[in-house]
Each structure stands twice: as structure tokens, then as C-alpha cells.
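Trainee: Have a look at the structure that comes next, please.
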Amino acid sequence: MTLQNESCNNTGDIPFYPRGPRGQLMTDRVVVTGIGLVTPVGLNSESTWNSLVEGKGGNRLYLPI
Numbered sequence: 015m016t017l018q019n020e021s022c023n024n025t026g027d028i029p030f031y032p033r034g035p036r037g038q039l040m041t042d043r044v045v046v047t048g049i050g051l052v053t054p055v056g057l058n059s060e061s062t063w064n065s066l067v068e069g070k071g072g073n074r075l076y077l078p079i
């Protein structure tokens, strides 16, 4: 039996599942299909990236009324 640091493999071996901070098995799987951003310098990934490339910052002084 060979254990690999993967959640699934094609060799027929028992899959390796990582454990959480309290030792519980982490068997849920996640698929990331895209990226979305809402930041102080843009409302999506493209506008955020363009603002960063242009050197724009999202910080300013905030004085409550």
C-alpha cells in the first residue's frame, strides 16, 4: 500500500486525506473555477490589476464625523 499526498490517484491505492487542526479528516473537495475581486482600487480582477499596474493605491485618511 502506497500513500501519496494527493486526495485522489489513479493507481488504485488508498487515497490520502489531509487532517484538520483537531485531527478530523478533511474529505471535502473544492474546485476553483475563476477569481473575483472587490477591492478599494477595483470592482473586479481586471480593474484591480490595472489600478495596481498604474500604481494607484486604495488607502486614504478616514475621519469619522
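Numbering (our numbering), first residue to last: 15 to 79.
Idealized CB from N, CA, C, for every residue including glycine.
(1) Of all the options F30, T47, G48 and I49, which has the alpha carbon lying nearest to the alpha carbon of M40?
(2) L57 by DSSP, collapsed to three states: which one?
(3) Where L66 and G34 are concerned, what is the direct C-alpha to C-alpha distance, given to the nearest angstrom?
(4) Taking DSSP as the reference, what is the three-state secondary structure of L66?
(5) L39 by DSSP, collapsed to three states: which one?
Mentor: Taking the coordinates as given:
(1) If we check each option's Cα against that of M40, F30 comes out closest.
(2) If DSSP states are grouped into helix, strand and coil, L57 belongs with coil.
(3) The alpha-carbon atoms of L66 and G34 are separated by roughly 35 angstroms.
(4) Three-state DSSP puts L66 in a helix.
(5) Note: L39 maps to strand in three-state DSSP.
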